Each structure stands twice: as structure tokens, then as C-alpha cells.
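Chains as they are written, first to last, in the working numbering: chain D, 109 to 366; chain F, 11 to 303. Glycine included, every Cβ here is placed at the ideal spot set by N, Cα and C. Remember, predicted model here, so these are calculated numbers, not experimental data. Data block below; observations after.
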């Protein structure tokens, strides 16, 4: 369980102060939390705050975990170490924790199978396609079974078909061993398919605008995307995002919209 | 489909003067871009061959004194004789030992120091200004001072090479380390690594290819410093060979020494490049994809 209370983050540039997050309250359980919001609203800052890479300027974060707190992280790019093979990348987290090598090999073998990369263990990342690389990155983050998984638009640079494939793999992986996942994306469809709950952020400084429960049963299949319920939810979230965008763009003249 | 422009009166006037425009097809463009020049592999020999021809021509006319410019054939025979003399190999091995010792000494100090500079802003702020200052002082200017301090023995020359290389090398290594993408350290922190693990498993491998390149570039500098040091004060080595030959007007021998230095330089450079491809195939690939983008 992770609780954020009145969290605020400010960046100081040479001549101004940028408020990335303000007064953000959020509670995350063992669930898949999707985070969507207008671009540049501070979604990535939220992730960096959760990972401790960015210090808070206001509020506090409370972690309640049974065992030691650890986290895994996946970015759109640079999520793998290019000098390590696929298998070494996946085992990296375990190796740093000095897990003995036969145990590591067992974990990586299982993950490679689940990710559909059975024969790719010995390859270097530059031999792989973008989709395969992100699969390995997901495996690298999952391998040490962290108490918190942070994903910052991991499939953002992939084509639509590959992206769907990876969404499915990630869902299967999550369903086989539930974690606490925070998944930032700008793709509403992706967020709906993957998440248990979706947190819709408002424009800068980011606040929680709406929380949406995603009612679809697990295990989820791609077909769920074609149901009317899915579409209705998708339009609803997109409307919220779009409405907010209009407001931001018109800057103080919102009455003209309504 | 190419849309034809309607031809107005003004245009006809202009068009009549213009040459017909040839529209190249995509495959032709692709072929042009991908075409490799025939004989590209041998292109590097072109200018040396021209120089050799010029050299030969200049000496056969007999207008130039022998001790200014000896004929290539004489140089070659002298070179052949030298290859069979113990003195030459003596000089060569002395130079090689000095350059090896000096360069290794410089690297041993420059690599940890550069890594510290690249990773610690405080350390960098402290040592970067003096290093940058010293870097701009040309090495030949302080060689007499070095000989005064460290003597004209082997240590003196090794120190001259080490110091000549160190200041350039350390800044390049610091740059290589500072260039490591921050995302690698995000990964490192996410899996809770210790300082030593980050150094050993992240910083070193990530910066290794660029560090190797810096070593390669600075090895050239080591050669230059070595020859300077040997010319200014030595009783052995390739630089001393040049001084000795000049004294007795054995200009062929100077030419041979210069050629040997050049060839050795090329060989070591190729070795560095070969190791780079062997050890860091991933970096070669990363650079290639970055260039494409």
C-alpha cells in the first residue's frame, strides 16, 4: 500500500519555478494503476517521485510493504544495458542482490518463456527489434519481483500491432503474479485494457482529476476492447482529457466553451 | 504522377533557357547513395604513391643535394641495413619501453581520476580548472624543467610522457563518464545497487568504449612527446637516432626513422581500433543507429 498525501513538486529553473505536481492525494494498493493526463502535465514526475529520483517539496509518501521496499522501472528508451545479453539484463537485479546463479537462471528462463523470448537469451539488445527490447525491459523490471513497478510509457515508441502484443504479454505477466504497478501512458485505450483503476490527471500542475474503476474481468483478452462498455469508458476519459485541454488552451476564457 | 504546370507566357520565356530537368527515379537515388567507390580500399595508397613519385623525380634530376633529400632507393637500402643492425632494434625497444611505461602510468592515474571527475561535481569543480590550465602549456616548453626535476635517466623520460598524456587523457575520460545516459543510473538505483556495484557494473562498462577511444587518440600524443623528449636529451631511442643522424648528415637515416615512427603509429592505431570492434560490438551498433536517426 502506498499513500501520497498533499504531494507537491517544484522545479527551479534559473529564472522561474515550475510546479509539476501540486496537492496530489493518491492511494495505491496491489493493483494495476493506469495514469493518463494531457502531455506535459507531470505524469513522469509522479513516477520519479514514487521512485525517489525526485525529492518532494511538499507533502509525504507512505509506503506500507511487508518485505523490504524495492521497485522496478521501465522507460520508453534506455531501459536495457546494451553491453549485457538479454539474459544478463533480466538477471541484473537479482545479481546485484547476490542471488546465486542457478536460482537466477531459473527465474530468467521462466521469464524468457513468458515473454516469448526463449531463444533470445544470449543476444545483445542491439540485435533485437524495438518490441523485443521492451519485452526484455519488462522482464528486467519483473525479475527481482519488486514491491512497486513503475512504467513510463514503455510502449510509446512501438507500432500499433507490436504494442497490442506487448500489452497482452504484460497483462498475462501481471495476472500470473499481481504486483503494484503504476503505468503512465498517453494512450487511453492502453490504460483501459491494462489497468484496474485509472487516475486521470489534470494539466500542470498535475492533480488527480478523476479516478475511474475499470470493471473488466481478468484474464483479459483483446476482444474486451470491442465491447460497448470499453468504448463508453474510453470516450468518457477522452472527453475529460480533451475538455481540460480546451480549458488550458483558452486560458481563462472557459466560459466561451460552455 | 507528376503534375504538369500550366505554361504561361512568362514561363515559356524562362523555360526555353532552362535545361531539361531530369527527374531521377527513387531506385537510382538509392543506388547512388549506397554506391561504394570502386578501388576504395586502395584509395589510401594514392597520395603516398604520388609523394613517392615526386620524391623520386626530385632526386633523379640531381638538382638537390643528397643530404637534403636522399633518393628513395638509398633510403630503402639504408633502412634494410638498419633492420639488420642491433643498434636500430636497441633504439626501437628503448622507445617502445618508454612509451609503454609512460602511457600506462598516465592511464593508471587518469582513469580513476577521470571517473571521479565525471561522477562527482565537487571533485570536478576542484580539479578541472588547474588541469585545463596545464593542458594548454605545450609539453616541449616544460621538458627542460622535467629533465631538471626527474633527471635525464629513464624515469625522466617516462615522467615526461606520462605528464604529457595525462592532462589530455583525464579530461577526455571525464567527458566519457559524464556522457553516460542518466537512465542507466535510474536503473541502477531501482535495483538498489551499492556505490561499488554502480561503478563496476554501470559506470565502467558504459564509459569503456569512449575511454578506449580516448586512449587511442592520446597514444598518438604519447609518440609525439616521446620523440621530443628523446631529441632534447637521450642517449638511445628513435628520437636520439634522428639527432645522431642529423649530426653526421646521414639524412637517409632520418627518413627511415620518420617512416618507422609513422608505421608504428599506424600499427598501434589499428590495434586499438581492432580491439574496440572486438570488445565493444554493442557500442559500434549503438553509434550506427544513432547516426541514422
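In summary, residue 172 of chain D is exposed, with fewer than 16 beta-carbon neighbours lying within 10 Å of its beta-carbon over all protein chains present. Distance from the CA of residue 77 of chain F to the CA of residue 250 of chain F, rounded to the nearest whole angstrom, comes to 18 Å. At a cut-off of 8 Å, the C-beta of residue 94 of chain F has no neighbouring C-beta in chain D. The bridge partners DSSP lists for residue 118 of chain D are D:127.
Residue contact with chain D for residue 193 of chain F: present (Cβ-Cβ distance below 8 Å to some residue of chain D).
No Cβ of chain F is located within less than 8 Å of the beta carbon of residue 109 of chain D. Interface with chain F (8 Å Cβ-Cβ cutoff): residue 204 of chain D is included. The beta-carbon of residue 142 of chain F is placed no less than 8 Å from the nearest beta-carbon of chain D. The DSSP-derived three-state label of residue 285 of chain D is coil. Taking CB atoms only, residue 263 of chain D has no neighbour in chain F less than 8 Å away. Contact residues of the region 184-195 of chain D toward chain F are 185, 186, 187, 188, 189, 190, 191 and 192 (C-beta to C-beta distance below 9 Å). Within the same chain, 140 and 289 come within 7 Å of residue 282 of chain D by CB-CB distance, once the 5 residues on both sides are set aside.
DSSP places residue 127 of chain F in the helix class (H, G or I) of the three-state scheme.
Residue 195 of chain D counts as buried, since at least 16 other C-beta atoms from the protein chains shown sit within 10 angstroms of its C-beta. Within chain F, the residues placing a beta-carbon under 7 Å from that of residue 200 of chain D are 201, ordered along the chain. Looking at D:169, D:113, D:112 and D:149, the one whose alpha-carbon comes closest to that of residue 349 of chain D is D:149. About 5 Å separates the CB atoms of residue 183 of chain D and residue 260 of chain D; that is less than 8 Å, so the two are in contact. In this chain, the alpha helix (DSSP H) harbouring residue 257 of chain F covers 248-257. Around the Cβ of residue 258 of chain F, a 10 Å sphere holds fewer than 16 other Cβ atoms; the residue is exposed. An exposed status is given to residue 114 of chain D, since fewer than 16 other beta-carbon atoms sit within 10 Å of its beta-carbon. Counting along the chain, residue 144 of chain D sits inside the beta strand (DSSP E) bounded by residues 140-144.
For residue 178 of chain F, the nearest beta carbon of chain D is not closer than 8 Å to its own beta carbon.
Chain order gives the chain F residues near residue 178 of chain D as 200, 201 and 202, where near means a beta carbon separation below 9 Å.
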